[in-house]
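All residue numbers for the sequence shown refer to our numbering, where the first residue is 2 and numbers rise by one.
Cβ atoms here follow ideal geometry from the backbone N, Cα and C, with glycine treated the same way.
One structure is given below, encoded as structure tokens.
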Amino acid sequence: MLVLVINCGSSSVKYDLINTEDESGICRGMVERIGAVTSIVKHEPAGQKKIKETKIIQNHTEALREILNFLLSPENKIVAAASDIKAVGHRVVHGSDMFKDSVLIDDDVKAAIEQAIDLAPLHNPPNLKGIEAAMEALPDVPHVAVFDTAFHHSIPAKAYLYGIPNRLYRRYKIRRYGFHGTSHYYVSRQYYKLILKEVKATKVISCHLGNGASICAIKGGKSVDTSMGFTPLSGLVMGTRSGDIDPSILFYLVEKEELPLSNLHALLNRHSGLLGLSGFAADMRELIIEAENGDRRCQQAIDVFCYKVKQYIGSYIASMNGCDAILFTAGIGENSPLIRQQSVKQMEFLGIKLDEDRNNNAPPGELTRISADDSKIDIYVVPTNEELVIAIDAAKIAQASAQSPWI
Ligand code: ADP
Numbered sequence: 002m003l004v005l006v007i008n009c010g011s012s013s014v015k016y017d018l019i020n021t022e023d024e025s026g027i028c029r030g031m032v033e034r035i036g037a038v039t040s041i042v043k044h045e046p047a048g049q050k051k052i053k054e055t056k057i058i059q060n061h062t063e064a065l066r067e068i069l070n071f072l073l074s075p076e077n078k079i080v081a082a083a084s085d086i087k088a089v090g091h092r093v094v095h096g097s098d099m100f101k102d103s104v105l106i107d108d109d110v111k112a113a114i115e116q117a118i119d120l121a122p123l124h125n126p127p128n129l130k131g132i133e134a135a136m137e138a139l140p141d142v143p144h145v146a147v148f149d150t151a152f153h154h155s156i157p158a159k160a161y162l163y164g165i166p167n168r169l170y171r172r173y174k175i176r177r178y179g180f181h182g183t184s185h186y187y188v189s190r191q192y193y194k195l196i197l198k199e200v201k202a203t204k205v206i207s208c209h210l211g212n213g214a215s216i217c218a219i220k221g222g223k224s225v226d227t228s229m230g231f232t233p234l235s236g237l238v239m240g241t242r243s244g245d246i247d248p249s250i251l252f253y254l255v256e257k258e259e260l261p262l263s264n265l266h267a268l269l270n271r272h273s274g275l276l277g278l279s280g281f282a283a284d285m286r287e288l289i290i291e292a293e294n295g296d297r298r299c300q301q302a303i304d305v306f307c308y309k310v311k312q313y314i315g316s317y318i319a320s321m322n323g324c325d326a327i328l329f330t331a332g333i334g335e336n337s338p339l340i341r342q343q344s345v346k347q348m349e350f351l352g353i354k355l356d357e358d359r360n361n362n363a364p365p366g367e368l369t370r371i372s373a374d375d376s377k378i379d380i381y382v383v384p385t386n387e388e389l390v391i392a393i394d395a396a397k398i399a400q401a402s403a404q405s406p407w408i
């Protein structure tokens, strides 16, 4: 089945057209800087040359139209007719406690996603815009919402409750939700394909290290804890997000700098993390180069990042009372031998031993074991594919909805 996967940010629309039968990517791309003076449009049809153009794209509806025009244009020979696209899968960041699985989008689902805007003010509004725009562009196709939070619904109360008055949880649903669920799900499933052990008996730690980063403890195939919390701000140090901090720092800053709340929000979400620590860049590749050239603050940013990863790995080994495998994925996890090495170094006490050669020579884009043969815990690089998870879920739900109007 041909499924169009849509991932909308505040000024961008990413897309991926996937054939779920053989799991192949047909064409992917994005429209960036929507609403700016000029927008950037990129298309990557499989096996053909990449296209990059600048255009004027005012809003998400125009971006969707631009994408569909490209996919349906007879000269590009990608999709013959709009009716060949049988489902649209939408990445939705926050499903609050309402969505434990992917769902067919109707007015009630849209209203529920809107209700969750309070919980994810940066992410859910553009996700909703993307849904509206895509439903307008492809009105006769089933649209399915796939939530970043859904995989984490198995986390037990002892891990999702914060140490604050329980009334606040009941009244405002303040709890740990967790994100990157589709990625943690996908890489753990790739690992299960390699092993003979029953999934029920496995303990896995998945490290999604990209611009946004989170770690997930997966026991018996289910998420039992994760580093992101009420929002994607907590946990690891990220490109521009602070990760865990002592909440008292906020009170202190309000007093010392007389900062309004909106500035605090921007400080922790957009000016902290690797960017804030290094004072130079949010991008790990750039930091590694500068650190090698002797920049002390870039080195410190890398050290803080890796130390946090290591702490979470250690704590999840304790949570699960053991671990079979640590999986590294996303931009940094898949591509940086240095960060992987620094994140698991000096953990021999826990039975973790990296094989330096395997780690340094892991081919990009391939699932590779990088632990030493005598490591008690296996370590793998596993390329993630969140879009495929979204496409497969959307195809399943579209098929079911074709059979029953009650789905
Ligand atoms: P997101 O999808 O969250 O925007 P990605 O998963 O694409 O992020 O990861 C982006 C991060 O991966 C950036 O910090 C980038 O520098 C880093 N990255 C990509 N390739 C490498 C590499 N070879 N070495 C180190 N970091 C890398």
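With respect to the C-alpha of residue 342, the residue from 311, 365, 315 and 326 having the closest C-alpha is 311.
Classified as exposed, residue 74 has fewer than 16 neighbouring CB atoms from the shown chains inside 10 Å of its CB. Assignment of beta-bridge partners to residue 55 by DSSP yields 41. With respect to the C-alpha of residue 41, the residue from 48, 53, 47 and 49 having the closest C-alpha is 53.
Residue 119 sits in a helix when the DSSP states are folded into three classes. Separation of the CB atoms of residue 218 and residue 320 is rounded to 5 Å, and the pair is thereby assigned contact status at 8 Å. Of the candidates 335, 322 and 212, the residue whose Cα lies closest to the Cα of residue 275 is 212.
Residue environment for residue 237: buried (at least 16 other C-beta atoms within 10 angstroms of its C-beta). Closest by C-alpha distance to residue 338, out of 326, 303 and 349, is 303. A straight-line Cα-Cα distance of about 26 Å links residue 280 and residue 329. In terms of Cα proximity to residue 179, the closest of 197, 231 and 162 is 231. Per DSSP, residue 397 lies in no beta strand (DSSP E); the unbroken alpha helix (DSSP H) holding it starts and ends at 387-404. DSSP places residue 93 in the uninterrupted beta strand (DSSP E) bounded by 86-93. When only Cα atoms are considered, residue 225 and residue 199 end up about 18 Å apart. With contact defined as three or more Cβ pairs closer than 8 Å, the region 185-195 and the region 154-168 are not in contact. 63 is the residue among 174, 122 and 63 whose C-alpha sits nearest the C-alpha of residue 136. Between residue 204 and residue 194, the CB-CB gap reaches or exceeds 9 Å. When secondary structure is reduced to three states using DSSP, residue 229 falls in the coil class, being assigned neither helix nor strand.
In the DSSP assignment, residue 299 is bridged to no other residue.
The three-state reading of DSSP puts residue 150 in coil, since its state is none of H, G, I, E or B. Just measuring C-alpha positions, the residue of 363, 88 and 263 sitting nearest residue 123 is 263. Separation of residue 163 and residue 171 (C-alpha to C-alpha, rounded to the nearest whole angstrom) is 12 Å. Around residue 344, the same chain offers 307, 310 and 311 as residues with beta carbons nearer than 6 Å, after the five sequence neighbours per side are excluded.
Put simply, the residues with a CB less than 5 Å from any heavy atom of the ligand ADP are 211, 212, 213, 284, 285, 286, 331, 332, 333, 336 and 337, in chain order. Following the DSSP letters along the chain, one finds residue 183 inside the alpha helix (DSSP H) bounded by residues 182-193. Rounded to the nearest whole angstrom, the C-alpha separation of residue 177 and residue 161 is 5 Å. For residue 223, the secondary structure class from DSSP, reduced to helix, strand or coil, is strand.
Secondary-structure assignment with DSSP links residue 210 through a beta bridge to 214. Residue 378 sits in coil when the DSSP states are folded into three classes, being neither helix nor strand.
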